[in-house]
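This report refers to the structure that appears directly beneath it.
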Amino acid sequence: MKGMQKNLTSYADPEFSRFLRRTFLASAGYDGEDLERPIVGIADTSSDYNPCHRDMPALAEAVKRGVLEGGALPLVFPTCSLHEILMSPTTMLYRNLLALETEELIRSQPMDAVVLLGGCDKTVPAQLMAAATADVPAVSLVTGPMRTGSWHGERLGACTDCRRLWARHRAGQLDGNQMAEVETRLCSTAGTCMVMGTASTMACMAEALGMALSGSATPPSGSGDRLRTAVHTGRVAARLAVNPVKPSDVLTPPAFRNALTVLLALGGSTNAVIHLLAIARRAGVRLTLDDLAEVSGKVPLLVDLKPSGTGYMEDFHAAGGMPALLKVLKPLLDVSTRTVQGTRLADLLSSTPQPDSRQAVVRTLESPLGPAGALVVLRGTLAPGGAILKRSAATSSLMVHEGPATVFESPDDAAERVDDPGLGITPDHVLVLRNAGPRAAGMPEAGSLPIPRYLAERGVRDMVRISDGRMSGTSFGTVVLHAAPEAAAGGPLALVRDGDRIRLDVPAGRIDLLVDDHELALRRREWTPPPRPERGWRRLHSEHVLQADCGCDLDFC
Ligand code: FES
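So the number in the working numbering is just where the residue sits in the sequence shown, counting from 1, plus 72.
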């Protein structure tokens, strides 16, 4: 079944269902000619609660024009929207809710193809998870990054600079008046954070996987390039509605390997690791942290964007964007993968020029920005299921470090006590945050605990931190994240006590708690899991969410 005939409402009388459908759509101005067309759904995540998506209505109009030009009927449908800064406790708690909702709306409404309008961090992975499961032809289209602002001649962008300037404020170097000025400069246009944070990384992942059009990840929000990409996306979706290329044709094992390769070359967000694991699981592709570890050792850092480098997404776009990077990475990619454009990656790259030698954002394999291993997988007695460290955004002198633990029981506990001089924290301490994992807290970006104020004022910029939570893709620091299993699931993080020695050895890929097994067994007998939420989505999520090394999807999805 195609178009309006698809997914009929069940009245045990299909002719009556069609009659009713025609009747109600006639009231919306659709005639017989419209209703014979294939249908392209457009999943719209615009919301007043999502400033990153405030240009999305114009984007949806551009997609509709492309769909109509392609001969199909565009129908926009809203889904929930997730904005990083306006949701509590964290959007990660709701990524799976958006994935479930989007999947069900694709499955239950008449739709031959779908355009997924996303952008802000969790929206893109949620939509790709939904597409992988629904397996209806789908194209991802992001709102695009913000452009940079400026403050007293300094170029600023969300949110690496948000964090950097906030750290200077905490250290007493910027006063309240200066911060009030900064507030109006960090997010100067519509769009997503314009560093290589999670939103930018996931836009690039969608393109690397072949689920978005070539060159679609980087055009700034509201730009002509962005709007033309939207029209083109609409035309491609109309074509897919007639000649399907399904997510299952695109989301193959080599496509995920390519995505990991790109992730490493970008110095992309640690969050992308969780999202790729979740999308792969939905696509029936076996992807593990071992795959990341293997790819990590081979791929150098090639793209000079914050937080690992110095530039912003508009610079990456001007330098040729993802096609330029894929061209450079070609020797390390499987170019036989298919894309939603119906071509092989090899075909796309054959018409892509080498990056202009005058630009310095996209480097070559012969002259990379940084060594291989921008993201490192760690294992050890403190994270038997694995943990992640973003080496490209960490301090090299802390790559091998041993120190005493200071333990915080939760993000709230850390917020309350981290600045207390009575804790006696020194730069050698290892700050431990537990109960910030997917089951306990929905996995907030609390892992990059602030440097205690009294140390920040003395000029301490980084310390080793470890947690079962996440950190923003825009963050900097020697922060061990996603420790699995999390404390609330009985992981060893639950057993750490103040003063225990912890050893980080990045070259060896280890994170260890230096406490003997007998003592740990005694502590385990005393441990009780934290209480679960009482009801609703939070209860369902807590009971069914998988650990970070499995992508934090729900176990029944
Ligand atoms: Fe939306 Fe950063 S807050 S992308």
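For glycine and all other residues, C-beta sits at the position ideal for the given N, C-alpha and C.
Kindly provide the chain-ordered list of residues whose Cβ lies closer than 5 Å to any non-hydrogen atom of the ligand FES. Those residues, listed in chain order, are Cys-124, Glu-156, Cys-192, Thr-264, Cys-265 and Ala-271.
Given this structure, state the Cα-to-Cα distance separating Ala-487 from Leu-567, to the nearest angstrom. When rounded, the distance between both Cα atoms is 21 Å.
Between the Cα of Asn-507 and the Cα atoms of Pro-564, Phe-91 and Tyr-83, which residue gives the shortest distance? Ranking the options by Cα distance to Asn-507, first place goes to Pro-564.
Only counting the same chain, and skipping five residues up and downstream in sequence, which positions put a Cβ closer than 6 Å to that of Leu-592? Cβ within range, chain order: Leu-567.
Tell whether a beta-carbon distance below 8 Å holds between Ala-144 and Leu-213. Contact flag unset, no.
Less than 6 Å between C-beta atoms, sequence neighbours within five positions excluded: which residues of the same chain meet that for Asp-193? Same-chain partners within the cutoff: Glu-156, Thr-270 and Ala-271.
Does the count of Cβ pairs from the segment 190-206 and the segment 218-229 closer than 8 Å reach three? With the cut-off at 8 Å, the segment 190-206 and the segment 218-229 do not touch.
Assign Gly-393 to one of three DSSP states: helix, strand, or coil. Helix.
Buried or exposed (CB count within 10 angstroms, at least 16 for buried), Gln-413: Classification of Gln-413: buried, given that the 10 Å Cβ count is 16 or more.
Give every residue of the same chain whose Cβ lies closer than 6 Å to the Cβ of Ala-203, excluding the five residues on either side of it in the sequence, and list them in chain order. Residues Ala-210 and Pro-319 of the same chain have their beta carbon placed closer than 6 Å to that of Ala-203, with the five preceding and five following residues left out of the count.
So, under 8 Å CB-CB, Ser-368 and Leu-336 are touching, yes? Tell me the CB distance rounded to an integer number of Å. Confirmed, Cβ separation roughly 6 Å.
Name, in chain order, the residues that DSSP records as bridge partners for Lys-318. Beta-bridge pairing by DSSP links Lys-318 to no other residue.
Which one or two residues does DSSP pair with Ser-222 in a beta bridge? Beta bridge pairing from DSSP links Ser-222 with Arg-227.
Using the beta-carbon count (16 or more within 10 Å), is Met-266 buried or exposed? Classification for Met-266: buried.
Contact under 8 Å by Cβ, Leu-576 with Val-472: Yes.
Quick one: Cα of Leu-80 to Cα of Arg-533, how far? So the alpha carbons of these two residues sit roughly 60 Å apart.
At the 8 Å Cβ level, is Phe-91 part of the contact set with chain D, yes or no? No chain D appears in this structure, which consists of one protein chain only.
Beta-carbon proximity check, Gly-142 vs Arg-307, cutoff 8 Å: Yes, Cβ-Cβ distance for Gly-142 and Arg-307 is below 8 Å.
So, at 6 Å on beta carbons, what are the nonlocal neighbours of Val-551 in its own chain, with the 5 sequence-adjacent residues on each side left out? Cβ within range, chain order: Gly-519, Ser-520, Arg-537 and Met-543.
Could you name the residues that DSSP lists as bridge partners for Thr-478? Paired residue(s): Leu-503.
Residues bridged to Leu-626 by DSSP? Note: Leu-626 sits in a beta bridge opposite Val-617.
Can you name, in chain order, every residue of its own chain whose Cβ lies under 6 Å from the Cβ of Met-394, other than the five neighbours on each side? Within the same chain, Met-394 has close Cβ partners Cys-276, Glu-279 and Ala-289.
Is Val-322 near the ligand FAD - that is, is its Cβ less than 7 Å away from at least one heavy atom of it? No copy of the ligand FAD occurs in the structure displayed; its ligands are the ligand FES alone.
Enumerate in chain order the residues of its own chain whose CB-to-CB distance from Leu-585 is below 7 Å, with the five nearest sequence positions on each side excluded. Closer than 7 Å at the Cβ level, and outside the excluded window around Leu-585, lie Thr-453, Leu-454, Pro-564, Val-568, Asp-572 and Ile-574.
In angstroms, rounded to a whole number, what distance separates the CA positions of Ser-539 and Val-504? Between the alpha carbons of Ser-539 and Val-504 lies a distance of about 6 Å.
Can the beta-carbon of Pro-427 be found closer than 8 Å to that of Ala-391? Yes, the Cβ-Cβ distance between Pro-427 and Ala-391 is below 8 Å.
Can you tell me whether Asp-127 is buried or exposed, with buried defined as 16 or more other CB within 10 angstroms of its CB? It is buried - the Cβ of Asp-127 has at least 16 other Cβ atoms within 10 Å.
Measuring CA to CA, which of Met-159, Ala-344 and Ala-239 is closest to Leu-527? Distance from the Cα of Leu-527 is smallest, within the candidate group Met-159, Ala-344 and Ala-239, for Ala-239.
Using a threshold of 8 Å, state whether the C-beta atoms of Leu-441 and Asp-376 are closer than that. For Leu-441 and Asp-376, yes; Cβs fall inside 8 Å.
Is there contact between the segment 159-171 and the segment 89-102, where contact requires at least three CB pairs shorter than 8 Å? No, the segment 159-171 does not touch the segment 89-102.
Kindly provide the ranges of any beta strand (DSSP E) runs that are 3 or more residues long and lie completely inside the segment 431-484, ordered along the chain. List check, beta strand (DSSP E) in window: 442-444, 447-452, 455-462 and 472-480.
Buried versus exposed call for Lys-378 [16 or more other C-beta atoms within 10 Å across all chains shown]: By the Cβ neighbour-count rule, Lys-378 is buried, with 16 or more other Cβ atoms within 10 Å of its own.
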